[in-house]
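Residue numbers (our numbering): 228 to 346.
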């Protein structure tokens, strides 16, 4: 199976920046990458590690912690595949949240272009 790399776009980074303004946290970029990777379909933690590892030194433990945090928040869920390995997929709530965040980012970008929203 060929796994594609997950690369964050300028829009993705802007969404992360908005989230950091309200909820600063270590690991937020990795959790966002996990969410984006799961948009492509269900994956195990090992597959997520292969997709997300870069020269930055992302560890398997960091992937595990990101999955546990996202699962606890209800943004991803385990798929019962009958195997020993845990497979995760993005939940309906996670999809709605990402959709809302992208919508907000597009509105923010449009406001910057038109100059609206300035005090």
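All residues carry an ideal CB built from backbone N, CA and C; glycine is no exception.
In this structure, how does DSSP classify residue i when only helix, strand and coil are distinguished?
| i | result |
| --- | --- |
| residue 312 | coil |
| residue 305 | strand |
| residue 281 | coil |
| residue 238 | helix |
| residue 286 | coil |
Can you have a look at residue i and say buried or exposed, based on whether 16 or more other CB atoms are within 10 angstroms of its CB?
| i | result |
| --- | --- |
| residue 309 | exposed |
| residue 250 | exposed |
| residue 338 | exposed |
| residue 267 | exposed |
| residue 300 | exposed |
| residue 295 | exposed |
Excluding sequence positions up to five away, which residues of its chain have a Cβ less than 8 Å from the Cβ of residue i?
| i | result |
| --- | --- |
| residue 328 | 242, 245, 246 |
| residue 262 | 297, 302, 303, 317, 321, 325 |
| residue 235 | 243, 256, 259, 260, 263 |
If I measure Cβ to Cβ from residue i and keep anything under 6 Å in the same chain, skipping five residues before and after, which residues do I get?
| i | result |
| --- | --- |
| residue 238 | 332 |
| residue 259 | 243 |
Take residue i as the anchor and find which of the options has the nearest alpha-carbon.
| i | options | result |
| --- | --- | --- |
| residue 289 | 272, 323, 299 | 272 |
| residue 336 | 319, 230, 240 | 240 |
| residue 254 | 274, 286, 231 | 286 |
If I measure Cβ to Cβ from residue i and keep anything under 7 Å in the same chain, skipping five residues before and after, which residues do I get?
| i | result |
| --- | --- |
| residue 269 | 306, 314, 315, 316 |
| residue 233 | 260, 263, 264, 278, 279 |
Quick check: the region 237 to 251 against the region 278 to 285, are at least 3 beta-carbon pairs closer than 8 Å? no
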